[in-house]
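Taken in order, these protein sequences are the chains called E and D. Counting in our numbering, the first sequence runs from 58 upward without gaps. Counting in our numbering, the second sequence runs from 6 upward without gaps.
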Amino acid sequence: MKPALFDYLRPDDEEEVLEALAEAGDDARLLAGGQTLMPMLNMRLVEPAVLIDISRLPGRAEIEDNGNFIEVGETVTQASLESWPTLAERTPLLAQALPLLGHVQTRSRGTVCGSIAFADPSAELPLCLATLGGEVVLRSRSGTRTLPAAEFQTGMLSTACREDEMVAAVRFPTAEPGAGYAFTEFARRHGDFAVVAIAAIARANGIRIGVGGVAEQPVVRDWPLLAGSALDDALNALAWSLDAADDVHASARYRRELVRRLGKQTVAAALEARL
Amino acid sequence: MKRLDRESRHRVALTLNGREANGWAEPRMLLSDFLRHELGATGTHVGCEHGVCGACTVRLDGAPVRACLTLAVQADGRRVDTVEGLASNGELNDLQKAFRRHHALQCGFCTAGILMSLDAWLESNPAPDEGEVRALLSGHLCRCTGYTGIVAAALDAAEARRREDGP
Numbered sequence: 058m059k060p061a062l063f064d065y066l067r068p069d070d071e072e073e074v075l076e077a078l079a080e081a082g083d084d085a086r087l088l089a090g091g092q093t094l095m096p097m098l099n100m101r102l103v104e105p106a107v108l109i110d111i112s113r114l115p116g117r118a119e120i121e122d123n124g125n126f127i128e129v130g131e132t133v134t135q136a137s138l139e140s141w142p143t144l145a146e147r148t149p150l151l152a153q154a155l156p157l158l159g160h161v162q163t164r165s166r167g168t169v170c171g172s173i174a175f176a177d178p179s180a181e182l183p184l185c186l187a188t189l190g191g192e193v194v195l196r197s198r199s200g201t202r203t204l205p206a207a208e209f210q211t212g213m214l215s216t217a218c219r220e221d222e223m224v225a226a227v228r229f230p231t232a233e234p235g236a237g238y239a240f241t242e243f244a245r246r247h248g249d250f251a252v253v254a255i256a257a258i259a260r261a262n263g264i265r266i267g268v269g270g271v272a273e274q275p276v277v278r279d280w281p282l283l284a285g286s287a288l289d290d291a292l293n294a295l296a297w298s299l300d301a302a303d304d305v306h307a308s309a310r311y312r313r314e315l316v317r318r319l320g321k322q323t324v325a326a327a328l329e330a331r332l
Numbered sequence: 006m007k008r009l010d011r012e013s014r015h016r017v018a019l020t021l022n023g024r025e026a027n028g029w030a031e032p033r034m035l036l037s038d039f040l041r042h043e044l045g046a047t048g049t050h051v052g053c054e055h056g057v058c059g060a061c062t063v064r065l066d067g068a069p070v071r072a073c074l075t076l077a078v079q080a081d082g083r084r085v086d087t088v089e090g091l092a093s094n095g096e097l098n099d100l101q102k103a104f105r106r107h108h109a110l111q112c113g114f115c116t117a118g119i120l121m122s123l124d125a126w127l128e129s130n131p132a133p134d135e136g137e138v139r140a141l142l143s144g145h146l147c148r149c150t151g152y153t154g155i156v157a158a159a160l161d162a163a164e165a166r167r168r169e170d171g172p
């Protein structure tokens with residue numbers, strides 16, 4: 058339960074980070090908040106030769122409101138996004154999801170970009186990003202590129218981020234006028250990874266629903282304004298399409314039932330939240 | 006860029022409960038082990054070592070964090086507060102006294118972490134309700150008390166502080 062040996066680098070700016078990454082390649086891991094990486098190091102699930110600590114990188118802990126989206130820098134913690142004064146107004150989905158993410162004591166260190174980069178299928182932030190249709194800014198010595206969420210996350214714990222790249226920022230689209238947002242999840246204990254998590258956006262002419270915790274990555278669907286049995290049928294078809302599997306936390310059947318029930322509740326809550 | 010070699014031990018100097026303290030750490034040494042083995046501050050307990058049980062929670066520059074998910078070298082130059090810093094002149098602080106009054110501990114293994122979480126959290130949440138206290142406690146495991154006494158102690162301490170700060 059102690060990490061294997063590694064060299065520790067603490068770069069003074071982003072340029073040095075990218076240099077160190079280019080040099081070490083897949084022998085290196087970036088340490089931001091460490092709330093996922095540190096347990097993996099302690100359990101020796103990963104044994105990098107070099108650890109690059111970016112947690113105190115100057116100037117990268119900023120949240121910028123760019124009108125159409127908020128841009129969250131690579132060292133912004135989940136706690137500082139949660140306490141960003143206009144969060145509930147600008148990105149109501151995040152305001153609902155963040156309190157469910159881990160615990161006060163882990164959000165104080167865990168970063169937003171780190172959660173996106175790790176791409177856990179049950180994690181709240183990748184589900185929010187996928188459902189909102191956000192973007193991920195990747196940076197390496199050869200330049201910067203921006204990928205839509207759907208192209209960034211390629212599967213369970215896998216992303217399009219190259220070995221020499223870092224997630225430099227994440228962009229969450231801001232609330233659309235008149236739209237309603239809702240986020241719900243079921244977990245065995247508050248703060249645990251969700252067995253099933255649902256994000257929903259209700260617009261004047263349709264519903265968008267995102268499901269986490271079942272498939273290998275968040276699954277997003279756009280529907281017209283369904284109601285009653287048409288909504289039940291759509292949720293049932295969605296639940297079956299996710300290829301749910303049995304595991305120690307829940308059976309596949311139970312997960313499908315959660316998708317149907319939580320799905321219905323979350324869509325109702327999003328419709329209710331429309332202005 | 007700071008570079009610390011994996012095999013060497015490096016000087017780590019921090020402010021522990023208001024006093025300067027220092028010791029030696031390999032890059033891989035956890036803050037929890039540094040506090041206990043290098044600085045002799047054994048009030049911080051180590052449970053799961055993957056961030057789940059909350060026993061090792063300390064305050065790093067004021068924020069409640071898992072010492073087992075923080076490297077000792079990351080705490081260099083920073084302020085660390087542990088359970089040893091709560092009492093003053095041999096007298097328990099108000100939160101600790103509330104824990105005793107409400108039987109909020111039995112074996113005490115989880116207690117240090119819970120006290121440090123509450124110590125930080127009550128500063129920004131001076132008027133919590135029971136649900137909020139329970140949500141905070143979701144970051145800690147206690148196998149003795151069933152949490153009832155801990156919730157009561159937290160609510161009691163918060164109320165007493167509000168009365169003190171009141172008009």
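The beta carbon of each residue, even a glycine, is placed where N, CA and C say it ideally should be.
Based on DSSP bridge pairs, tell me the residues matched to residue i.
i	result
R71 of chain D	D:T62
D279 of chain E	E:R265
R164 of chain E	Paired residue(s): none; R164 of chain E is not in a bridge.
A257 of chain E	E:A239, E:I266
W29 of chain D	D:R16
R24 of chain D	D:L21
Exposed or buried, what is residue i when buried is set at 16 or more other beta-carbons lying within 10 Å of its beta-carbon?
i	result
S165 of chain E	buried
L189 of chain E	buried
C112 of chain D	exposed
P142 of chain E	exposed
V276 of chain E	buried
V305 of chain E	exposed
E31 of chain D	buried
L74 of chain D	buried
E222 of chain E	buried
S215 of chain E	exposed
E25 of chain D	exposed
P183 of chain E	buried
E233 of chain E	exposed
D83 of chain E	exposed
T201 of chain E	exposed
Quick one: what does DSSP say residue i is sitting in, helix, strand or coil?
i	result
G200 of chain E	strand
S37 of chain D	helix
E146 of chain E	helix
L295 of chain E	helix
S93 of chain D	strand
L182 of chain E	helix
L157 of chain E	helix
V51 of chain D	coil
V85 of chain D	strand
R8 of chain D	strand
L151 of chain E	helix
L76 of chain D	strand
R167 of chain D	helix
A174 of chain E	helix
D304 of chain E	coil
L332 of chain E	coil
V316 of chain E	helix
V324 of chain E	helix
G285 of chain E	helix
P169 of chain E	The amino acid at residue 169 of chain E is misidentified as Pro; the sequence shows Val. The answer is helix: DSSP assigns V169 of chain E an H, G or I state.
A309 of chain E	helix
A162 of chain D	helix
E273 of chain E	coil
Look at the Cβ atom of residue i, then the Cβ atom of residue j, and state whether they are nearer than 9 Å.
i	j	result
D110 of chain E	R147 of chain E	no
S143 of chain D	R246 of chain E	yes
F240 of chain E	E192 of chain E	no
I155 of chain D	F114 of chain D	no
G48 of chain D	A117 of chain D	yes
G56 of chain D	I119 of chain D	no
R312 of chain E	G235 of chain E	no
L93 of chain E	S112 of chain E	Looking at the sequence shown, residue 93 of chain E is not Leu but Thr. No, Cβ-Cβ distance for T93 of chain E and S112 of chain E is not below 9 Å.
E128 of chain E	R67 of chain E	no
L78 of chain E	A89 of chain E	no
I264 of chain E	A327 of chain E	yes
G212 of chain E	E273 of chain E	yes
W126 of chain D	V161 of chain E	yes
A254 of chain E	E181 of chain E	yes
G237 of chain E	A251 of chain E	no
H145 of chain D	T87 of chain D	no
R167 of chain D	A132 of chain D	yes
V271 of chain E	L288 of chain E	no
Completely contained beta strand (DSSP E) runs for the region 186 to 252 of chain E, where each covers 3 or more residues: Annotation note: the region 186 to 252 of chain E contains the following uninterrupted beta strand (DSSP E) runs of length 3 or greater, listed N- to C-terminal: 192 to 197, 200 to 205, 210 to 212, 223 to 230, 237 to 243.
Going along the chain, which unbroken runs of the beta strand (DSSP E) with 3 or more residues stay wholly within the region 59 to 144 of chain E? If we require 3 residues or more, the beta strand (DSSP E) runs fully inside the region 59 to 144 of chain E come out as 64 to 67, 85 to 88, 107 to 110, 120 to 122, 126 to 130.
Suppose only complete runs of 3+ residues qualify. What are the beta strand (DSSP E) ranges in the region 95 to 159 of chain D, listed by chain order? Look at the region 95 to 159 of chain D and you find no whole run of beta strand (DSSP E) that is 3 residues long or longer.
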